Structure formats: structure tokens, C-alpha cells
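Peer 1: Taken in order, these protein sequences are the chains called A and B.
Start counting at 1 in the first sequence, then tack on 532, and there's your number in my numbering.
Start counting at 1 in the second sequence, then tack on 113, and there's your number in my numbering.
Glycine included, every Cβ here is placed at the ideal spot set by N, Cα and C.
Note that the structure is a prediction, hence the values are computed from the model and not measured.
Below you'll find the structure I mean.
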Amino acid sequence: MIPAGFEYHRPGDIASAIGILQEHGDEARVIAGGHSLIPMMKLRMAEMGHLVDLQAIEELKGIEIGAGTVSLGAMVTQHELITHDGLATAIPLIREAALQIADPQVRYVGTVGGNVANGDPGNDMPGLMQCLNATFELSGPDGRRSVAAREFYEAAYFTARDDEEILTRISIPVPGAGVGQAYEKQKRKIGDYATAAAAVMVGNGHASVAMTNLADTPVWSESASNALADGDVSGCVAAMLDAIDPVADNRGPVEFKKHVAAVMLRRAIERAQSRAG
Amino acid sequence: MNDQTLTPEERVANLKGMGSSRKRVEDVRFTQGKGNYVDDIKMDGMLFGAFVRSPYAHARVVSVNKEAALAIPGVVAVLTAEDLAPLGLHWMPTLAGDKQMVLADGKVLFQGQEVAYVVAENRYIAADAAELVEVDYEELPVLTNPFEALKSDVVLREDLAGQTEGAHGPRKHHNHIFTWEQGDKDATEAVLSQADVVAEEMVYYHRTHPCPLETCGCVASMDKVTGKLTLYGTFQAPHAIRTVVSLISGLAEHNIRVISPDIGGGFGNKVGAYAGYVCSVVASIVTGQPVKWVENRMENLMSTAFARDYWMQGKIAATKDGKITGLWCHTTADHGGFDACADPTKFPAGFMNICTGSYDIPTAYLAVDGVYTNKAPGGVAYRCSFRVTEAAYFIERMIEVLAIKLNMDAAELRRINFIRKDQFPYQSALGWEYDSGDYHTAWDKALKAVDYEGLRAEQAQRVEDFKAGKTRKLLGIGLTHFTEIVGAGPVKNCDILGLGMFDSCEIRIHPTGSAIARLGTISQGQGHATTFAQIIASEIGLPADDITLEEGDTDTAPYGLGTYGSRSTPVAGAATAMAARKIRAKAQMIAAYLLEVHDNDVEWDVDRFAVKGAPERFKTMKEIAFAAYNQAIPGLEPGLEAVSYYDPPNMTYPFGAYICVMEIDVDTGEWDVRQFYALDDCGTRINPMIIEGQVHGGVTEALAIAMGQEIAYDEMGNVKTATLMDFFLPTAWETPNYTTDHTVTPSPHHPIGAKGVGESPNVGGVPAFSNAVHDAFRPFGLVQSHMPHDHWRIWKIANGLGMHG
Ligand SMILES: Cc1cc2nc3c(=O)[nH]c(=O)nc-3n(C[C@H](O)[C@H](O)[C@H](O)COP(=O)(O)OP(=O)(O)OC[C@H]3O[C@@H](n4cnc5c(N)ncnc54)[C@H](O)[C@@H]3O)c2cc1C
Numbered sequence: 533m534i535p536a537g538f539e540y541h542r543p544g545d546i547a548s549a550i551g552i553l554q555e556h557g558d559e560a561r562v563i564a565g566g567h568s569l570i571p572m573m574k575l576r577m578a579e580m581g582h583l584v585d586l587q588a589i590e591e592l593k594g595i596e597i598g599a600g601t602v603s604l605g606a607m608v609t610q611h612e613l614i615t616h617d618g619l620a621t622a623i624p625l626i627r628e629a630a631l632q633i634a635d636p637q638v639r640y641v642g643t644v645g646g647n648v649a650n651g652d653p654g655n656d657m658p659g660l661m662q663c664l665n666a667t668f669e670l671s672g673p674d675g676r677r678s679v680a681a682r683e684f685y686e687a688a689y690f691t692a693r694d695d696e697e698i699l700t701r702i703s704i705p706v707p708g709a710g711v712g713q714a715y716e717k718q719k720r721k722i723g724d725y726a727t728a729a730a731a732v733m734v735g736n737g738h739a740s741v742a743m744t745n746l747a748d749t750p751v752w753s754e755s756a757s758n759a760l761a762d763g764d765v766s767g768c769v770a771a772m773l774d775a776i777d778p779v780a781d782n783r784g785p786v787e788f789k790k791h792v793a794a795v796m797l798r799r800a801i802e803r804a805q806s807r808a809g
Numbered sequence: 114m115n116d117q118t119l120t121p122e123e124r125v126a127n128l129k130g131m132g133s134s135r136k137r138v139e140d141v142r143f144t145q146g147k148g149n150y151v152d153d154i155k156m157d158g159m160l161f162g163a164f165v166r167s168p169y170a171h172a173r174v175v176s177v178n179k180e181a182a183l184a185i186p187g188v189v190a191v192l193t194a195e196d197l198a199p200l201g202l203h204w205m206p207t208l209a210g211d212k213q214m215v216l217a218d219g220k221v222l223f224q225g226q227e228v229a230y231v232v233a234e235n236r237y238i239a240a241d242a243a244e245l246v247e248v249d250y251e252e253l254p255v256l257t258n259p260f261e262a263l264k265s266d267v268v269l270r271e272d273l274a275g276q277t278e279g280a281h282g283p284r285k286h287h288n289h290i291f292t293w294e295q296g297d298k299d300a301t302e303a304v305l306s307q308a309d310v311v312a313e314e315m316v317y318y319h320r321t322h323p324c325p326l327e328t329c330g331c332v333a334s335m336d337k338v339t340g341k342l343t344l345y346g347t348f349q350a351p352h353a354i355r356t357v358v359s360l361i362s363g364l365a366e367h368n369i370r371v372i373s374p375d376i377g378g379g380f381g382n383k384v385g386a387y388a389g390y391v392c393s394v395v396a397s398i399v400t401g402q403p404v405k406w407v408e409n410r411m412e413n414l415m416s417t418a419f420a421r422d423y424w425m426q427g428k429i430a431a432t433k434d435g436k437i438t439g440l441w442c443h444t445t446a447d448h449g450g451f452d453a454c455a456d457p458t459k460f461p462a463g464f465m466n467i468c469t470g471s472y473d474i475p476t477a478y479l480a481v482d483g484v485y486t487n488k489a490p491g492g493v494a495y496r497c498s499f500r501v502t503e504a505a506y507f508i509e510r511m512i513e514v515l516a517i518k519l520n521m522d523a524a525e526l527r528r529i530n531f532i533r534k535d536q537f538p539y540q541s542a543l544g545w546e547y548d549s550g551d552y553h554t555a556w557d558k559a560l561k562a563v564d565y566e567g568l569r570a571e572q573a574q575r576v577e578d579f580k581a582g583k584t585r586k587l588l589g590i591g592l593t594h595f596t597e598i599v600g601a602g603p604v605k606n607c608d609i610l611g612l613g614m615f616d617s618c619e620i621r622i623h624p625t626g627s628a629i630a631r632l633g634t635i636s637q638g639q640g641h642a643t644t645f646a647q648i649i650a651s652e653i654g655l656p657a658d659d660i661t662l663e664e665g666d667t668d669t670a671p672y673g674l675g676t677y678g679s680r681s682t683p684v685a686g687a688a689t690a691m692a693a694r695k696i697r698a699k700a701q702m703i704a705a706y707l708l709e710v711h712d713n714d715v716e717w718d719v720d721r722f723a724v725k726g727a728p729e730r731f732k733t734m735k736e737i738a739f740a741a742y743n744q745a746i747p748g749l750e751p752g753l754e755a756v757s758y759y760d761p762p763n764m765t766y767p768f769g770a771y772i773c774v775m776e777i778d779v780d781t782g783e784w785d786v787r788q789f790y791a792l793d794d795c796g797t798r799i800n801p802m803i804i805e806g807q808v809h810g811g812v813t814e815a816l817a818i819a820m821g822q823e824i825a826y827d828e829m830g831n832v833k834t835a836t837l838m839d840f841f842l843p844t845a846w847e848t849p850n851y852t853t854d855h856t857v858t859p860s861p862h863h864p865i866g867a868k869g870v871g872e873s874p875n876v877g878g879v880p881a882f883s884n885a886v887h888d889a890f891r892p893f894g895l896v897q898s899h900m901p902h903d904h905w906r907i908w909k910i911a912n913g914l915g916m917h918g
């Protein structure tokens, strides 16, 4: 459980961080909370010569609640997502989901940026961000660009982010009043990734439905969302079951996961509907 | 000083002796981070060892190339079997009469097996170098199923080829280790063939792991000037380790000092001898520098001793009224690549023959076949006494299965079959003499405490509601009445590597009336320093707070066989009482001398000897202690100390009644323990608070085992559960609330009547949880299903019963 050796960098701003990434190419990796990366390094499944710590970059911090949009700095911790009252009022779904991540120790250091940038299908935030239709802001040598969360994930650990880019902020449209939200997750124990998890928003004739750890990327389904918007719960579940593609692991075989996916989704829908106004 | 102002009750209370919930003295250092564990040991010039381990479960080792590793600055040596062979140390004896490779000798037999040992200046360099050792493997067919192993042409242990006789009798097949038979086969088969009712079931107790928070490790330090080897390690049996090291290394035993410092949990995992110890000793002898080796979590889970993995085929016979007439069990025991079970020599399947449990079963037969497979060796008693958990799980499942067959209430079936109080000492059909028990009293108390009738009524209603579509949750009531067999054991039939399983205590009273006691055992969290001082306090009348307790240093402590199998209190605790009584006997003579009366004219009174009939004339133990050092007493040696080596006349038989009430979600397989009631009868209770703590910890382990914890392999022999993400270790969140209770039935043969409690909760807890799951589905037709009952396996039960529409 001892990682291979590496050089440690701690730049003070985004530009210098990008500079270090450019200098060392795929030899370098950014580290945020380290709670996905360090375990991989200890297992020697990730080895890199240069580690670029983002902790000292002020621009990456802070939660801003605007009228129609919420903006989260990449380095906002999962703990901050839970304790920020303004955020809980604007988008209660984020707190509900963040409380399902790992345990308090992990959440004190794990960041929202790391969680969405990681590309691990087990992470809860990517599905959540797809449900919320968030946009990720990336900064690289060629400047800034934005990528929709729904376009960001390509395969396990492969995302639309280039090696020399840093995910800087996440912006999320504030769901209108009357939109019910719910996050439902089954896991084996505290600190476990989802056996299946569902993020649901419904209300005002709209709906959005995404699921976690049931394919090699998060799964947001347009047809499932449309069905739910039309009030067709069974149609929504059926469409989602078509979209997911779980694999067997220690959490159970495929048929079990599909069954639990449907149960989680139904429960999330029910709770979200009960909260819709 | 002759304090006459205190009442006898106050004097008893001041001692904090037996029966007092004295706070654990160990916790002062543990809660302040001041414990001293193996990995806290730092020595000048200390080197670090790290293993290169096999990624394959079965492969030939074609070659090992050390060059790239040796080229790294700071790497001191890379050892392979070839290097150890000239010393005869490439193999080592196991506790079970087999031998085991220290480093791969031509082949590997399980994933994670030790192939090479890298020694470097620090652990970072050692880890880097281990990556660079190039091993060329040629994969061989893998056997992970013991039934298939017994049929396969693949020879796992080529070193044993042609050997038809093993340490425990004939071998039937090249992958067979032993057959162990107990009881009367013919009589049992006759009973089965004539019985009104026979229930038959396969009961599997899956492979799991003790997973102590602190993994295994050691620091070996050879002093080339004095010729003395000091070996610090996470040893549950330091004295036995010293003898083993002496026997296999050739170093004289007086030149070896073994020290077990603080140990962060053992649960059987730290009983055996591991390759890491041997390699560290060799490396220190060769380099003349101290060498530390500490395994990481994955190494611990993959390579050091596992527990259970018993396939128990059972048949239980009864009259139509439910009176059990016979029990038959055939166990297929998966021992992995080497037979490294930690059992007393004459018991290759431990005390599995306690499998008649708490019941008066007149006729029984047990056979156990040990089998080699491509899995890690071990088979230790994970918080239990040598396969007692397996035995208890087996019989407590068979009782439930029989209850279903008879269409009877399982609580009532137990009650009518319990060994009655008046039958003790009870001779079991499989050869044990149960010392004492009062099962009916405990059982009735337990059923009443949980309102058993009320629970059954609630369950019946729940079944109705479920069928009516009003709920998707089931209610299970898990019953268990377990009987343990602990305190190994009488030297006449219990030994480990030829060392009799007695234990010891030496007590030395200081002139000012405080004391130090040293024992042959070693605490790993059990609180020995607290409880053994309490025994002494009650026996000799000095306050427990004035008694220091030391264990684990073979240069200072008397020889003993260590701590596992709930043996410390039954054996070393008895030695402690006996040593204390020797001191009291001498103190009596000193007191009589000081009081100028005959020895028989004084009597013991809490903390003093008083003249019979004249209680105002007395000498306190404190005064006596001083006199022992400053008076010339005719006919008596100065000083006040004693040692006792206690050979127990019998095992002790703690028992208990556990009841678990569980809610189960049939759609997700999720469970929730609503109530858990644990009644333990461990005989005399030394420290109720420590008992409660032990029960809480043990039931939590039982919860883990029953509900998810396992060492699982895929068909290639890869360990699928080698991290704590997949290996279930409950946190406070998953841990239910427990209600503890007790009855007291002292052991008639133990000096203070104590029986031991540390392992009861694991033994009794597992069937209680598992039976709760089974019981929830019993109304829908479930008879038997294998642990661990994790979400998907519970879901599978529901799915198989057609509950998902
Ligand atoms: C015991 C345990 C249980 C857990 N359980 C859960 C769970 O239930 N649900 C869940 O969602 N997660 C879980 N996690 C993961 C945890 O939430 C991590 O903190 C999170 O996945 C990554 O965030 P981080 O800040 O720690 O990122 P890091 O580990 O530092 O980085 C993760 C990856 O993202 C990259 N990265 C990080 N920040 C950026 C950025 N700003 N721009 C570009 N790339 C970046 C890194 O290079 C790295 O590849 C668990 C972790 C542990 C240790």
C-alpha cells in the first residue's frame, strides 16, 4: 500500500497549474481531495511522476448562488455541499445526494470537482449533475470551454476533459419552484459505492432522470425523462432499464442490479413527486 | 493502620475485585494514542522487509530475477527459496502436522503466496524493489472447490506425492489431507433408518477472515555480540513462538526473547507462524541489523490465516413429537494449499465434535475430510474455540430445519431437547463431558425478555399483510441457544506442537503491599491487565489498582500457551487464582506468627487474617506483605511470591441464548436488525462491563460474518474481497443496539467458577442472525440458504420464492 515515488507541486493559480501539466504531459495529474486518486496510487494502479495539488488555488473555491444559476468551485468539498444552507434551499437534491457519499471523513476532503472529473462510474455526483443538467467549465492551454455534464462522460475514466485541462467550475441551473427532487441509493454499507442509485427531478411538466453505477458511465435517459414528464412512471422505468448496462461484481449479478435499479428509480420518483408542488 | 472503621462491604468494594465493573486500565494509554504496537517499534539501523507475492493461485515458478530490484540504491537483499534452502528454512512446519513453504519452492498454491522477500533500508524502497523482482510463472489448473479437488487429477501438493499417510491418518486422494471420525457411525445410521422423521441439509459456513485492525508483523533483531535474538511480533502465543523459532532456526531457546507488545486484535489470525516472521529472522541474522515486516491490509486478507470454509452435510433424526434421537454430520473442510489450521494436535477439525450443541442427543456421528485447494492456508478459530462456531452454526441450523420438517415452533423444539440441569456433568455422544449448565432457565428468561409470543403474533400479522400487498417487508425472529467448549485444555489430550495447553501465572508481592503478576497469556484487547488483577484482588485482598499485570515477554513471564480459544480465563485465570492461593497460604502462616496464634486459629476476612472469634485481632495483607520482607519467621523463607502452572481438569462450557429480530426488504435484500438480545452464562463474572464490551464486539463480528463478510474467490483463484470496500467490516452505522443479559452457572472444576466469554458472542451471534433471515422466509417455504446474507443473496431467496411477481 505504498505508492511509487512522485514530485509534488502546489501551484497558487490556475495558469501555473496548467503550466505544470503542459510541461510534464501525461506524466502529471492534478490532485484535489485525493480520495479517489490516492487509493489508486497506493494500489499502484495509477503511477505518475508529478502530482499537482489544487488545494492552494483560491479561484477553484466557493459556492455562488445566483438567481437562476448555482456555481460551484471545483475544490468545494462534499462537506461544504452538505453544510451550505443557501445551496440546500436552491437545489436540495445536492445535499441529499452528498449525504450518501462515503462517510464524513471522506467528505471533509473529497471535492465535487474531483468527484465529477474522476470518471469512475461509481461516483454519485456525475449522475446527479446529468440529472440537474449542469455544465462543467474547463480551463486549458487554449483557454476556457464549457461541456455539458450530459456530454462529458465517454467511458469509465474517460471524459471529454483533455489531459492538460483543469475542471474549474460547475454551473447548475436552479430548478424552478414546484420541482420535486430525490436521490435514492442502495449500498452495502457506509462508505460503499452504489449498488444502484437514482437522481430524479419532476414537476411543472418537466422531468429528468439519471442513474449511477449501472453502466461504465452515468446514465441520463432522455426517453425515460420524457416518459416521466408525461406522468408515465412505468414507461420511465422501462426506458431506463433499456439504457443501463450493469455488470456483475461483488454487489451482485446483473439481474439483481437491474431489479434494484428499477426499485431505486421508482422510490426516487415517488419521493420526488411527493415533493413536487 | 489497622483500619476498623470500614465495613466488610466497603473493604470488598475498595479492592475492586471480582464482580466489579472496574474501568479498563489499558484504555488510559490506548485512548491517548500511547499504545506501543509492533509498527511503533523503531530501532537504530532497522531495515524493512516486503514480499513479492504470487498473482496466480496455482502456477509453476520458472524463474525469479532479482537483478533490477538489487540495483535500486538502498536494497540490501532479495531472498528466495533457493537462499533459504541451505538453512533448511524454505519450508516450515505448520501447527497441523503439515509443512508449508516459506518462500515459493518451485510452485505457488494460492494467490498472494510469498515468492521473494526484499530487504531494504526503508519500507518505500522495499515496496519499489518488490515491484521490480521479475518472476516468470507457468500457470497451472486451479482448484477452488474442495469437492472438485477430491476428484481432480491435478496434484496440488507434489511434495506429498505418493504419501498415503498424513499426520492424522490415511489420505484417500492426492488432494485429501485427513479423515477425522467421532461417535458411533453404525448406531447413528441405525437410528436414522428407523426414525419417525429425518431432516437433511447441507449447511455451508463460508470462508471469512478475522481481519484484526492491526495486521500481522514483527521486528527481528539479532545481536551478533550477545548471540541473542529478540523478536517482537503480533503473537497470540509468544512462548510457543519462541519454542518454534528455536526448533526451526537451531538457535538455543535461551538465546531467543520473544515479545508481544500491544496487539490490535487477534481473533485467531495471530496464532500461527508466518513466512514474514521466518524471513525477518533470517534477514536479521544475515545482516546483523533489526528487520521489520508489517503486512498491509490486502496481504492480511489474502495470505494470513482465514477462518471457517466448512461444508457440513447434516442429518437429524427425531420422533414425531420432536425428541431428537440422532445426529449425523459429514464435513468437507477446505484447508487451502497447506494444512495450517491452528488446532490442538489430536483435533484436526478442532472441537467440531461439540456439534450436538445444547441438546441431549443420545446417538451421533461426525466425520470431517480435510482437503487441499488453491486458496490461502489457515483455518483458525476466528473468535471461537477451534471450530466451535462451525459446530454451533451447524446444529442451530439443523434444529431450525428439523422444526420446519416437524412443523413445530423452533423455540419449543429446543426446549424439549435441551440437556436438563440435573444431567450435568453431561456425557455427550461425541465424547465431551459438559461441566455445568442450566439451559431451560436461560431460555425461558430470554423468550420472556423479548416477548416471544408477541413477536410471533406480530410476525403472523406481517405475513398476512405481505400477502395482502400492504407491505414489502418481512419480519424474522432468529433463535439460538449455543453451548461452547473453551479453555483448552487438559494436557492429557490437548497440545500444540507437543506443548501441553496448560497456562501459568506468577505473582510477586512487594514489601509495601502492591504486586506484579505475570501470565503466559497475552491480551489483544481482552483487558487482561484489568480482569486478572481483579481475580488476585479478591483472592489476596490487595486492591486491583495496586496490582500490575505483565504478559508477552518470554524472558520475564512464565511459560504459557497464549490467548485464543477463550482459554485465558479458564486456564490462566485459574492459574492466577491458584498462585494467589499459594500466597494466601503463606500469608496465613505469617499472620498467625505475627498474631502469636496457631496457623489454624486465623481465618481469612476480605483483606486480612483475623483470629477466629476475635475479629479485632487481625493482620491486613499489606501488613503481612511487609512482614514477609522484614521479619525472620522461623520455618518460613522470606519474600512473598508464587507461581502456578495450571493444567485444567476439563474444558469449560459457557452457553447462551441469543435472539435477533430482523426486518427484511424483499425487493432490495436490505435488512435491518430491530432488536438483538444476548443472554450469556459464562459462569462467575469477573468484570460485568468487560463482559458487556466483549459481547458487543463479538456480536458485531457475528453480524458481519452472517450478513456479508467473506473471502470470496473467482474460478481462477483470485481473491475478490481483498479490501475493506468489499470485505464487510461494520461501522457504528451498521451496528445495531444490543441488549445484554445473563445467568450465572459456575464451572464446578474451575477455581473461581469462571468459564470464559470473549468468543461466545461470535459463536452464538452468527446463527442468530442467519436464523433470523431464514425465519423471515420460513412462512413462504424457505428451508436452507447459505451465508453470507448480503443484499443480493437475500434478494435471490425472495426471487426464488416468487416474491418479485
Ligand atoms: C472509503 C471511500 C468511500 C467512497 N465512497 C464514495 C461514494 O459513495 N460515492 C462517491 O461518489 N464517491 C465516493 N468516494 C470517492 C470520493 O468521493 C472522492 O473524494 C471523489 O471521488 C474524488 O474527489 P477528490 O477531491 O478526492 O479527487 P481526487 O482523488 O484528488 O481526484 C480524482 C481524479 O479526478 C482528477 N481531478 C480532481 N480534481 C480535478 C479537477 N479540478 N480538474 C481535473 N481533474 C481533476 C484527479 O486527477 C483524479 O484523476 C469514496 C472514497 C473513499 C475513500
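Which same chain residues end up closer than 7 angstroms to T432/B when comparing Cβ atoms and leaving out the 5 residues on each side of it in sequence?
Peer 2: Around T432/B: D309, T438.
Peer 1: Have a look at the DSSP bridge pairing and note the partners of W846/B.
Peer 2: Per DSSP, none; premise fails for W846/B.
Peer 1: Whose CA, out of G708/A, S740/A, I563/A, lies closest to the CA of R682/A?
Peer 2: For the residues G708/A, S740/A, I563/A, the minimum Cα distance to R682/A belongs to S740/A.
Peer 1: Quick one: which residues of the stretch 766-792 of chain A get their C-beta closer than 9 angstroms to a C-beta of chain B? List them in chain order.
Peer 2: Going along the stretch 766-792 of chain A in chain order, one finds D781, N782, R783, G784, P785, E787, F788, K789, H791, V792 with a Cβ nearer than 9 angstroms to chain B.
Peer 1: What number of angstroms, rounded off, separates the C-alpha of G809/A from the C-alpha of A709/A?
Peer 2: Answer to the nearest angstrom: the Cα atoms are 8 angstroms apart.
Peer 1: Which residue wins for smallest C-alpha separation from V857/B, given the options I907/B, H902/B, Y766/B, D839/B?
Peer 2: Checked all of I907/B, H902/B, Y766/B, D839/B; the closest Cα to V857/B is Y766/B.
Peer 1: In angstroms with no decimal places, state the Cα-to-Cα distance between M114/B and T733/B.
Peer 2: Reliability fails at M114/B, whose pLDDT of 41 lies under 50, so the model's placement of it is uncertain and the value that follows must be treated cautiously. Rounded to whole angstroms, M114/B to T733/B spans 9 angstroms at the Cα level.
Peer 1: Can you tell me whether D241/B is buried or exposed, with buried defined as 16 or more other CB within 10 angstroms of its CB?
Peer 2: Label assigned to D241/B: buried.
Peer 1: Cβ of D617/A less than 8 angstroms from any chain B Cβ?
Peer 2: No - not a single Cβ of chain B is within 8 angstroms of the one on D617/A.
Peer 1: Checking contacts by CB at 8 angstroms: is H322/B closer than that to chain A?
Peer 2: Not one chain A Cβ lies under 8 angstroms of H322/B.
Peer 1: At a threshold of 7 angstroms, does N657/A count as lining ligand 1 (C-beta to nearest heavy atom)?
Peer 2: A quick correction: the sequence has Met, not Asn, at residue 657/A. Yes, ligand 1 has a heavy atom inside 7 angstroms of this Cβ.
Peer 1: Which residues of the stretch 387-417 of chain B have a Cβ closer than 8 angstroms to any Cβ of chain A? Give them in chain order.
Peer 2: Answer set for the stretch 387-417 of chain B: N409, R410, M411.
Peer 1: Quick one: any contact between the stretch 758-772 of chain B and the stretch 870-883 of chain B, if contact means 3 or more CB pairs under 8 angstroms?
Peer 2: As far as the Cβ criterion goes, the stretch 758-772 of chain B touches the stretch 870-883 of chain B, which means the pair count is three or higher.
Peer 1: Going by DSSP, what residue range makes up the beta strand (DSSP E) through Q426/B?
Peer 2: Per DSSP, Q426/B belongs to the beta strand (DSSP E) from 419-431.
Peer 1: Using a cut-off of 8 angstroms between C-beta atoms, extract the partners of D839/B located in chain A.
Peer 2: Those are N782, listed as they occur along chain A.
Peer 1: Could you give the first and the last residue of the continuous beta strand (DSSP E) run that contains W717/B?
Peer 2: W717/B -> beta strand (DSSP E) spans 715-717.
Peer 1: For a contact meaning CB atoms closer than 7 angstroms, what does D903/B contact in chain A?
Peer 2: Simply R720.
Peer 1: Compare the Cα-Cα distances from A729/B to each of A172/B, A738/B, W717/B and report the closest residue.
Peer 2: Sequence inspection shows Glu at residue 729/B; the Ala mentioned does not correspond to that position. Taking only the C-alpha atoms, the option nearest E729/B is W717/B.
Peer 1: Residues in the same chain with beta-carbon distance under 7 angstroms from T644/B, minus the five sequence neighbours each way, listed in chain order, please.
Peer 2: Excluding residues within five positions, the ones whose Cβ falls inside 7 angstroms are I799, N800, I803.
Peer 1: Given that a residue counts as buried once 16 or more other Cβ atoms are within 10 Å of its Cβ, and exposed if not, what is R631/B?
Peer 2: When all chains shown are included, R631/B counts as buried.
Peer 1: Going by the C-beta, is A588/A closer than 7 angstroms to any heavy atom of ligand 1?
Peer 2: No, the beta carbon of A588/A sits no closer than 7 angstroms to any heavy atom of ligand 1.
Peer 1: Please tell me whether, using a cut-off of 7 angstroms, the distance from the CB of I154/B to the nearest non-hydrogen atom of ligand 1 is below it.
Peer 2: Checking the Cβ of I154/B against ligand 1 gives no.
Peer 1: Verify whether the separation of the beta carbon atoms of T480/B and T277/B is less than 8 angstroms.
Peer 2: Sequence check: residue 480/B is Ala here, not Thr. No.
Peer 1: Just to make sure I have the definition right: I need the residues of chain B whose C-beta is within less than 7 angstroms of the C-beta of T727/A. Which are they?
Peer 2: The answer, in chain order, is H904.
Peer 1: What residues in its chain sit with their C-beta under 6 angstroms from that of F419/B, if we drop five residues either side in the sequence?
Peer 2: Excluding residues within five positions, the ones whose Cβ falls inside 6 angstroms are R320, H322, A489, G491, I824.
Peer 1: Where does W204/B fall in DSSP's three states?
Peer 2: Strand at W204/B.
Peer 1: How would you call K719/A, buried or exposed, if buried means at least 16 neighbouring beta carbons within 10 angstroms?
Peer 2: By the 10 Å Cβ count, K719/A comes out buried.
Peer 1: Closest by CA to P603/B, which one among D557/B, F595/B, E597/B, L612/B?
Peer 2: Out of D557/B, F595/B, E597/B, L612/B, L612/B has the C-alpha closest to the C-alpha of P603/B.
Peer 1: Is there a Cβ from chain A that is less than 8 angstroms from the Cβ of D785/B?
Peer 2: Chain A contact via Cβ: absent.
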